[in-house]
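To keep things clear, I will list the structure first and then write my remarks on it.
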Amino acid sequence: MMNSTLFVKELKSSRWLFIGICLILTMYVTIIIGMYNPNMMKMMDQFFKTMPGLMAAVGFKAGSTSLLGFLVSYLYGFILMIFPMIFILNRAHGLVARYVDRGSMVVLLTGHNKRTKVILTQIAVLLSSLFGLFVYVTMIQYLTIRVMFPTEADLVSLLKLNFGLYCLWVLIASISFLASTYFSEARLSLAVGMTIPIVMFVFKMISNIDDKVVFLKYFTVFSLFNGEGLLAGEPMAYILVLVALVIAFLLFTLAVKIFKEKNLYI
């Protein structure tokens, strides 16, 4: 139950941002994978001991032995969180709130375009874009690993890790999308849709620094992604991924309900 014309239009409208994010992630992924070296790991562990607070804040951990373990510590804790989040915040806002604020939603809802059809199309655009990002990042990582460290190439483990990350992206997207449907003014939608994920990300960073504030991890959705646990096959890590998906589904469902009942002054 989607509008294919609107779906294609929205995908095209986000192509330059998508390409830009992909290029940035390509640079970081290839550079960080290229940094992997058992001897380099010892040096990085020494750096971690020197500046534990700073390193922990951005998700870096000492003692990573495998390449994927190294990437969890030095790539997934910050780079693969912050740049996809920039894409999410921009698109979640643009798919609904920007239309409502400009009065353009009236045009979208003309003819046979019912509210449910339009809002489900916009959700599909957001999720499809994120899935495309998931596929691209996985492909770049795997190809780079195959070229630089062929013995470390483990596609199954990489897919498990990145699917867990994708589920976190979907959850963040559901939060921002809900704000986009709830607020009629673009500035409020953007402010709330940005503030909540950013504050939770800051909570995650702070909770990594000091055991005294470790309780903050219970106030952030970023705790639902446990890269080390996914690589180790820990059941709880997979349960957390499922929890993220369930919450995202509920938030998207609420967003649809709000949009259907919203006064759009049509």
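Taking the numbering used here, the leading residue of the sequence shown gets -16, the next gets one more, and so forth. We put the CB at the ideal spot given by N, CA and C, even for glycine.
Check for me: the alpha helix (DSSP H) holding residue i runs from which residue to which?
i            : result
histidine 76 : 62 to 78
serine 250   : In the structure as shown, the chain starts at -16 and stops at 249, and residue 250 therefore has no counterpart that could be examined.
glycine 52   : 50 to 57
leucine -6   : -13 to -4
leucine 91   : 88 to 91
Looking at the structure shown, is residue i part of a helix, part of a strand, or coil, going by DSSP?
i              : result
methionine 188 : helix
glutamate 244  : helix
tyrosine 82    : helix
valine 41      : Residue placement at valine 41 is flagged as unreliable, the pLDDT there being 48, under the threshold of 50; a coordinate-derived value is accordingly withheld.
leucine 11     : Position check: residue 11 holds tyrosine in this sequence, whereas leucine was assumed. Helix, per DSSP.
methionine 18  : helix
methionine -16 : coil
glycine 3      : helix
threonine 212  : Here residue 212 turns out to be glycine, not threonine, going by the sequence shown. Residue state, collapsed to three classes: helix.
glycine 46     : Legend: pLDDT at glycine 46 = 48, less than 50; position of this residue unreliable, value from coordinates given subsequently. Glycine 46 falls in the coil class under three-state DSSP.
valine 229     : helix
Considering only the beta carbon of each residue, do residue i and residue j sit closer than 9 Å?
i                 : j                 : result
leucine 207       : valine 224        : yes
arginine 74       : serine 49         : no
valine 101        : phenylalanine 160 : no
phenylalanine 202 : methionine 183    : yes
valine 204        : leucine 237       : no
serine 172        : phenylalanine 235 : no
leucine 72        : glycine 210       : no
alanine 169       : valine 83         : yes
isoleucine 51     : valine 12         : Here the sequence assigns leucine to residue 51, which means isoleucine is not the residue at that position. In this structure, valine 12 does not lie closer than 9 Å to leucine 51 by Cβ.
isoleucine 69     : isoleucine 123    : no
leucine 142       : threonine 121     : yes
leucine 247       : methionine 88     : yes
Output the residue ranges of the alpha helix (DSSP H) runs that lie fully inside the region 131 to 210 and measure 4 residues or longer, sorted by chain position. 138 to 165, 169 to 192
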